[in-house]
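Going down the list, the protein sequences come from chains A and B.
Take my numbering: the final residue in the first sequence is number 456, and no numbers are missing along the way.
Take my numbering: the final residue in the second sequence is number 456, and no numbers are missing along the way.
One structure is given here, and the rest of the page talks about it.
2 protein chains.
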Amino acid sequence: MRAYGELNREELLAMKQEVEASYEEARGKGLKLDMSRGKPSKKQLDLAEGMLTVISSNEDCMAEDGLDCRNYGGPVGIPEARRFMGDIMGVPMDQVIVCGNASLTIMFDTVSRSFTHGVLGNTPWSKLDRVKFLCPVPGYDRHFGITEYFGVEMINVPMTPEGPDMDLVEKLVAGDESIKGIWCVPKYSNPQGISYSDETVRRFASLKPAAKDFRIFWDNAYCIHHLYEEAEKQDQILNIIEECEKAGNPDMVYEFASTSKVSFAGGGISAVASSKANLEEIKRHMNYQIISHDKINQLRHVKFFRDLEGVKAHMMKHAAIMRPKFETVVSVLEKELGGLGIGSWQMPKGGYFISFDAMPGCARAIVARAKEAGLVMTGAGATYPYGKDPEDSNIRIAPSLPTPEELAVAADIFVLSVKLVSLEKLLEEKA
Amino acid sequence: MRAYGELNREELLAMKQEVEASYEEARGKGLKLDMSRGKPSKKQLDLAEGMLTVISSNEDCMAEDGLDCRNYGGPVGIPEARRFMGDIMGVPMDQVIVCGNASLTIMFDTVSRSFTHGVLGNTPWSKLDRVKFLCPVPGYDRHFGITEYFGVEMINVPMTPEGPDMDLVEKLVAGDESIKGIWCVPKYSNPQGISYSDETVRRFASLKPAAKDFRIFWDNAYCIHHLYEEAEKQDQILNIIEECEKAGNPDMVYEFASTSKVSFAGGGISAVASSKANLEEIKRHMNYQIISHDKINQLRHVKFFRDLEGVKAHMMKHAAIMRPKFETVVSVLEKELGGLGIGSWQMPKGGYFISFDAMPGCARAIVARAKEAGLVMTGAGATYPYGKDPEDSNIRIAPSLPTPEELAVAADIFVLSVKLVSLEKLLEEKA
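Shown next, in the form of structure tokens:
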């Protein structure tokens, strides 16, 4: 296969005619496919059916400390749920608060609280002229959405295969007191599937930010979301809570996790882990915001998964469903785009996404083409703050929701769209 | 029975000796009773056992619009839950958003959003020098807690048997642009059990506040929480959403409700009803804060209660448990304190509380005395902003949690504490 870049105008035109025919054929089918969001598939959701009835009587509703989960009380979560979520994050239960159904809400509320009440006695961000966040890119659109909603100025930091560019992170946080935070998905990152190296985690823990109220928002969303069973094919990252303690920066990080992609999306439980001082501040806030979270659902989770081993075993059932989907997409990409020089991607070992980098200036057009042919992708640009990918290159592929059959068709439409737009771009350049 | 105020010093001393002996006897029993919070009793919680398994299979998890409740989506709630909560509030479903397990959280988040983002285009409250709220007193401590946490200046407005003193409310909101809201529990109010008269509701709907972003926080927490089955013994209030529309003030009110005291406390569902413009603003905020609430739990509620008639019938089972408790407390109050002139109370027709007004300057001492004898009451002052009852008179009695047997004992301890402190006070005055 010759790279498209090496083809002359006539060859490009011929190729384009060929690709266009295939594309039109696909479009004619009137398909309706969705690879836009990291939604679990029906089969994955079915795996947790037993959770629906694991609490089936009034007597089942007691927490191990005797608290009746059907009543008020237990604002920080029932003990067994704190232990369970702590085990998932590798954090002692007394450094964990278990909350409602969405870790996104804990993150949002943390930013909101920092604006209205400040962080550990520092000036509320609403009283400051400027508040900035570092945003490793490509990244998670909903993270960037929160900071955009609060008017935070977002600064792009490029991702490397080891995590965010730490030279840049260190330099920026040390030199600018208005930089108050950084969004991180440290394991199987959204969308690239990159896991931070030990050095990256240690450098995070040893940051010397100018702002005393600088915080790392460590969204460990995919901490147990491996695609492979073999230990050597599973990424492991260092424990940021421990590393921050060792480095003398215990208050510098909030870690978040949830079971949204373990049990039910929107019907799971979430948790935050942090230092004692940070948790006290969160508890004080929560004391006004809520009497207690849904402890019945917390108990459901512990009764169903039992413990870390139980939930790890459950995640292997997810992996068995997810792995072939990832492999299908990547094999179509390799087969259809390999060697063409019009895009790059990696096969991740976990998480929910495959990140695709098209030729600069092509991502929006590719997503638009795919949509015309019935395939909804994540909006191009979504992986960057303000929805602006300066290169217009990155596209997030979310292979979880479609069935394997749909996925093969979807991947075909995607590669046809990539080819078509790339050919148009190359022809334009040669015009 | 002669009023204590008519007794002379010797009679008071003799009476005190007698009461003290009874009090010491009660104290000697080492009891542990709790009338502090509006928590449902075990028997009430047991009533909803069927809800635990009403969704028992994967197939049960589909909402009426085909949405899979186990997956992301449906940020405003599933249609049947919006209709259900709308019916409870008397509001069309398209004016309802169903949220998580706590209406308190919706209220908190509404105040928080007003501080960070402002209300319908008005200046964010965080940018204002002063923000004030009107607080009908006595009222709900968690309402006052939210505004206190945000540094809002709270202004007491006395309650009357018809609701808040509307002459004062009208005058205050018309004359002060910094008054941004008022906390209301319009039906079976916390703690007095007062339901607002039609005139009061209409005057609320017709308010002419100086502040364009003035909002009524209408916490309809006890809208279906009657103690009696007979229609004439059930309070009805006018529909504030409709009245505000009629009065040309559709945006002036947020109404809140939940099933915390219908199904499970902390395991229920909550909702907010308001105008289209207000709901759009809430939706925009929620879009950044959460992907979707726990729709499985929303569906559980609708499957279990079915509809308004179903939930009303269920509430009558609650009433059968609650009514004797209220009657026990009130009958002990009447029997032991009637005619003594040392306290006043009313028997409410619904809600969760009995409000007791002691002689001025006695409430704190009474609560302390009760505690010494093993009975935890709501802290004196809690029914007032900043925990400061200017008269030190009001005490909230929460009879729901204890068993009937415990309750009789608890009521005895309470009246002994009232008598003892009142006698001490009168003796002090005569000294």
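Ideal placement from N, C-alpha and C gives every residue a C-beta, glycine not left out.
Requested in this report: Identify every run of the beta strand (DSSP E) within the stretch 374–417 of chain B, keeping only runs that are complete inside it and at least 3 residues long; order them along the chain.
Outcome: 379–383 and 400–402
Query raised in the report: If we count Cβ pairs, one from each stretch, closer than 8 Å, do we get three or more for the stretch 424–437 of chain A versus the stretch 60–67 of chain A?
Result: yes
Requested in this report: Note down, in chain order, every chain B residue with its Cβ under 9 Å from the Cβ of S81 (chain A).
Outcome: Your numbering for residue 81 (chain A) matches position 56 in the first sequence. Near S81 (chain A) (Cβ distances below 9 Å), the residues of chain B are E74, L77, T78 and S81.
**Report entry** G292 (chain B) to A127 (chain B) span [Cα, whole Å]
**Finding:** In the second sequence, residue 292 (chain B) corresponds to position 267, counting from 1. In the second sequence, residue 127 (chain B) corresponds to position 102, counting from 1. In a straight line, the C-alpha of G292 (chain B) is about 8 Å away from that of A127 (chain B).
**Report entry** Test: R421 (chain A) CB closer than 8 Å to a CB of chain B
**Finding:** Here residue 421 (chain A) refers to the residue found at position 396 of the first sequence. So, not an interface residue.
Query raised in the report: Is R240 (chain A) close to chain B, meaning its C-beta is less than 8 Å from at least one C-beta of that chain?
Result: Counting from one through the first sequence, the residue named residue 240 (chain A) turns up at place 215. Taking Cβ atoms only, chain B never reaches closer than 8 Å to R240 (chain A), which makes this a no.
Query raised in the report: Relative to chain A, which residues along the stretch 148–182 of chain B have a C-beta separation below 7 Å, given in chain order?
Result: S151, G170, I171, Y174 and F175
Query raised in the report: Does P234 (chain B) get closer than 8 Å to chain A when you measure Cβ to Cβ?
Result: Sequence index remark: in the second sequence, residue 234 (chain B) carries index 209 (1-based). No, its Cβ sits nowhere closer than 8 Å to a Cβ of chain A.
**Report entry** Residue of A:Q217, A:E449, A:P385 and A:H318 minimising C-alpha distance to F471 (chain A)
**Finding:** Nothing about residue 471 (chain A) can be reported from this structure: the residues present for chain A run from 26 to 456 only.
Report task. Following the continuous beta strand (DSSP E) through G368 (chain B), name the residue where it begins and the one where it ends. Result -> For the purposes of this step, residue 368 (chain B) is taken as residue 343 along the second sequence, with counting starting at 1. Start and end: G368 to W370.
Report task. Can you say whether E268 (chain B) is buried or exposed, counting buried as having 16 or more other CB atoms within 10 angstroms of its CB? Result -> Working through the second sequence from its first residue, we reach residue 268 (chain B) at position 243. Flag for E268 (chain B) reads buried.
Report task. Mind listing the chain B neighbours of D71 (chain A)? Cutoff is C-beta to C-beta under 8 Å, in chain order. Result -> Numbered from its first residue, the first sequence carries residue 71 (chain A) at position 46. Residues of chain B passing the Cβ test: N83.
**Report entry** Cross-chain neighbours of G292 (chain B) in chain A, by beta carbon under 8 Å
**Finding:** The residue labelled residue 292 (chain B) in the question sits at position 267 within the second sequence. What G292 (chain B) touches in chain A: C94, R95, D319, K320, I321 and N322.
Report task. Can you give me the start and stop residues for the beta strand (DSSP E) that D482 (chain B) sits inside? Result -> Since the first and last residues shown for chain B are 26 and 456, residue 482 (chain B) lies out of range.
Query raised in the report: Helix, strand or coil: which one does DSSP assign to Y279 (chain B)?
Result: In the second sequence, residue 279 (chain B) corresponds to position 254, counting from 1. Three-state result, Y279 (chain B): strand.
Query - Bridge-paired residues (DSSP) for L58 (chain B) - result: For this step, residue 58 (chain B) is matched to residue 33 along the second sequence. Bridge partners of L58 (chain B): B:L400.
**Report entry** Neighbouring residues, chain A, relative to K67 (chain B) (Cβ below 9 Å)
**Finding:** If you number the second sequence from 1, residue 67 (chain B) lands on position 42. Per Cβ cutoff of 9 Å: N83, D93, R95 and N96.
Requested in this report: Note down the Cα distance separating L324 (chain A) from M132 (chain A), rounded to an integer number of angstroms.
Outcome: Taking the first residue of the first sequence as position 1, residue 324 (chain A) is located at position 299. Taking the first residue of the first sequence as position 1, residue 132 (chain A) is located at position 107. When rounded, the distance between both Cα atoms is 23 Å.
Query raised in the report: Rounded to a whole number of angstroms, what is the C-alpha to C-alpha distance between E36 (chain A) and P65 (chain A)?
Result: Here residue 36 (chain A) refers to the residue found at position 11 of the first sequence. Here residue 65 (chain A) refers to the residue found at position 40 of the first sequence. If I take the Cα positions, the gap works out to 42 Å.
Query raised in the report: Under a CB-based cut-off of 8 Å, is I316 (chain A) close to chain B?
Result: In the first sequence, residue 316 (chain A) corresponds to position 291, counting from 1. Judged by the 8 Å Cβ criterion, I316 (chain A) is in contact with chain B.
Requested in this report: Check whether the stretch 262–281 of chain A touches the stretch 368–380 of chain A, taking contact to mean three or more Cβ pairs, one atom from each stretch, closer than 8 Å.
Outcome: no
Query raised in the report: Pick from A:G375, A:N33 and A:P100: whose alpha carbon is nearest that of M341 (chain A)?
Result: As a first step, residue 341 (chain A) is located in the first sequence; it is residue number 316 there, counting from the start. When only C-alpha atoms are compared, the closest one is A:G375.
Query raised in the report: Can you name, in chain order, every residue of its own chain whose Cβ lies under 8 Å from the Cβ of Y9 (chain A), other than the five neighbours on each side?
Result: Residue 9 (chain A) is absent from the structure shown; chain A starts at 26 and stops at 456.
Query raised in the report: Does the beta carbon of T78 (chain A) fall short of 7 Å from some heavy atom of the ligand ADP?
Result: In the structure shown, the ligand ADP is absent, as is every other ligand, since no ligand is present at all.
**Report entry** Opening and closing residue of the alpha helix (DSSP H) in which N14 (chain B) lies
**Finding:** Because chain B here runs from 26 to 456, residue 14 (chain B) falls outside it and cannot be looked at.
Query raised in the report: Nearest-angstrom Cα distance between A230 (chain A) and Y279 (chain A)?
Result: As a working mapping, residue 230 (chain A) is identified with position 205 in the first sequence. As a working mapping, residue 279 (chain A) is identified with position 254 in the first sequence. Rounded to the nearest angstrom, the two C-alpha atoms are 12 Å apart.
Report task. Rounded to whole angstroms, what's the CA-CA distance from P415 (chain B) to I241 (chain B)? Just pull it up for me. Result -> Counting from 1 along the second sequence, the entry for residue 415 (chain B) is found at position 390. Counting from 1 along the second sequence, the entry for residue 241 (chain B) is found at position 216. So the two alpha carbons sit approximately 25 Å from each other.
Query - Where I204 (chain B) falls: helix, strand or coil (DSSP) - result: Stepping through the second sequence from its first residue, residue 204 (chain B) is reached at position 179. It is a strand residue.
Query raised in the report: Between the Cα of L263 (chain B) and the Cα atoms of B:G363, B:E187 and B:L38, which residue gives the shortest distance?
Result: By 1-based counting over the second sequence, the position of residue 263 (chain B) is 238. For L263 (chain B), the nearest C-alpha among the options comes from B:E187.
Query - K157 (chain A) (DSSP reduced to helix, strand or coil) - result: Residue mapping note: residue 157 (chain A) aligns to position 132 of the first sequence, counting from 1. Of the three classes helix, strand and coil, the one that applies to K157 (chain A) here is strand, per DSSP.
Requested in this report: May I ask which residues mark the beginning and end of the beta strand (DSSP E) holding R309 (chain A)?
Outcome: Translated into positions along the first sequence, residue 309 (chain A) becomes position 284. Note, R309 (chain A): premise wrong, no beta strand (DSSP E); alpha helix (DSSP H) at K301 to Q314.
Query - Near-chain A residues of the stretch 355–385 of chain B (beta-carbon distance less than 8 Å), N- to C-terminal order - result: none
Report task. Could you tell me whether the stretch 394–402 of chain A touches the stretch 436–448 of chain A, using the rule of 3 or more Cβ pairs below 8 Å? Result -> yes
Query raised in the report: With V354 (chain B) and I420 (chain B) assumed to form a contact (beta carbons below 8 Å), what rounded beta-carbon distance in angstroms separates them?
Result: Within the second sequence, the letter at position 329 stands for residue 354 (chain B). Within the second sequence, the letter at position 395 stands for residue 420 (chain B). About 12 Å; that fails the 8 Å criterion.
Query raised in the report: How would you call M26 (chain A), buried or exposed, if buried means at least 16 neighbouring beta carbons within 10 angstroms?
Result: The sequence position of residue 26 (chain A) within the first sequence is 1, counting from 1. M26 (chain A) should be labelled exposed.
Query raised in the report: Below 8 Å between beta carbons: does that hold for I316 (chain B) and Y97 (chain B)?
Result: By one-based count along the second sequence, residue 316 (chain B) stands at place 291. By one-based count along the second sequence, residue 97 (chain B) stands at place 72. Cβ distance < 8 Å, so I316 (chain B) and Y97 (chain B) count as in contact.
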